[in-house]
Amino acid sequence: SQTIHQWPATLVQPVGSPLSLECTVEGTSNPNLYWYRQAAGRGLQLLFYSVGIGQISSEVPQNLSASRPQDRQFILSSKKLLLSDSGFYLCAWSVQSNYGYTFGSGTRLTVV
Amino acid sequence: EDQVTQSPEALRLQEGESSSLNCSYTVSGLRGLFWYRQDPGKGPEFLFTLYSAGEEKEKERLKATLTKKESFLHITAPKPEDSATYLCAVQAGSGGSYIPTFGRGTSLIVHP
C-alpha cells in the first residue's frame, strides 16, 4: 500500500534561518507531488507541484523553493525564513492529476 | 477565475441530528469535485471524488451529491467522532495542470 511520510511534525525557527522540509512517498512510482500551506481561515494554498524528477512548478512568488531529487522525494526549502513563512505545511501526492490527493501529516512551522 | 465557496463556515449538531454541508463552485469545465475530512493538527483525509452531475457516493454516515453548481455532503445521524473540518476541492479543465481549488472548509462539531 502507498504511504506518505512528512517530517518534522513541529519546527520552531528564528527569522533568517534556513529551512528544509522533506516528504517521501512509498509504494508508488512517478507520483504527482505537491506542497501546500494552510493558514487559519485562509484554506489550502498550493505552493509547488511536480509531475516528475527535476520538474517543479510554482504557483505563487515567495521566499520558498522546492526540489525533487528523486522520484518519490519532495523537499521544501528556504535560505532565509521570514515571519510570514509561519504556517502549517502539507505535502501530498496523487497517482494522476484528476485523482484525489493523499496528504501527509503536516509540519507546523513557527518562525520567531 | 475558479471559485469554491463552502457553507456554513461552522456547524454545531447534536448527536443524531442529520444535516448537510454545501460546496458551491464556479468553474469552467468541471473535471472532478473532491471532499476531504481534516482533524485538528493533521493532514486532510480523502473521502470522495464526484465527476458528473447526478453522481452520488456514500461512506458510512456520509453521502456526497453533485449538481452542475454545487455539491452537498449529507451527514446522517452524526456521532461525536464525525467532528472535523470538511474541505471541498474543485478541479477544472482549463490550464492543463488541473490543480484543484480548495474551499475554506466547514468546521463541524457534534455534541454527545
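Sequences listed follow chains H and P, in order.
When we follow the numbering used here, the leftmost residue of the first sequence carries the number 1, and every step to the right adds one.
When we follow the numbering used here, the leftmost residue of the second sequence carries the number 1001, and every step to the right adds one.
Virtual Cβ for every residue (Gly too), placed ideally from N, Cα, C.
message: Which residues does DSSP list as the beta-bridge partners of Arg113/H?
response: Outside the shown range of chain H, which is 1 to 112, sits residue 113/H, and nothing can be said about it.
query: If you draw a straight line from the alpha carbon of Arg1061/P to that of Ala1077/P, how long is it in whole angstroms?
result: Near 7 Å, if we compare the C-alpha coordinates of Ala1077/P and Arg1061/P.
query: Taking 8 Å as the CB-CB cut-off, is Leu46/H touching chain P?
result: Closer than 8 Å: yes.
query: Does the separation of the CB atoms of Tyr89/H and Leu81/H fall below 8 Å?
result: Tyr89/H places its beta carbon 8 Å or farther from that of Leu81/H.
message: Once DSSP output is grouped into helix, strand and coil, what is the label at Glu22/H?
response: Three-state DSSP puts Glu22/H in a strand.
message: Let me make sure I understand the geometry here. Which of Gly1103/P, Gly1029/P and Pro1080/P has the alpha-carbon closest to that of Gly1016/P?
response: Of all alpha-carbon atoms in Gly1103/P, Gly1029/P and Pro1080/P, the one lying nearest the alpha-carbon of Gly1016/P is that of Pro1080/P.
Coil, strand or helix - Leu82/H by DSSP: In the structure shown, Leu82/H adopts coil according to DSSP, grouped into three states.
query: From Ser67/H to Ser1024/P, what distance separates their C-alpha atoms?
result: CA-CA distance, Ser67/H to Ser1024/P, rounds to 34 Å.
- prompt: Quick one: which chain P residues come within Cβ less than 7 Å of Phe103/H?
  reply: Identification of chain P residues near Phe103/H by a Cβ-Cβ cut-off of 7 Å yields Gly1043 and Pro1044, ordered along the chain.
task: Go ahead and pull the three-state DSSP assignment for Pro31/H.
output: DSSP places Pro31/H in coil when its eight states are reduced to three.
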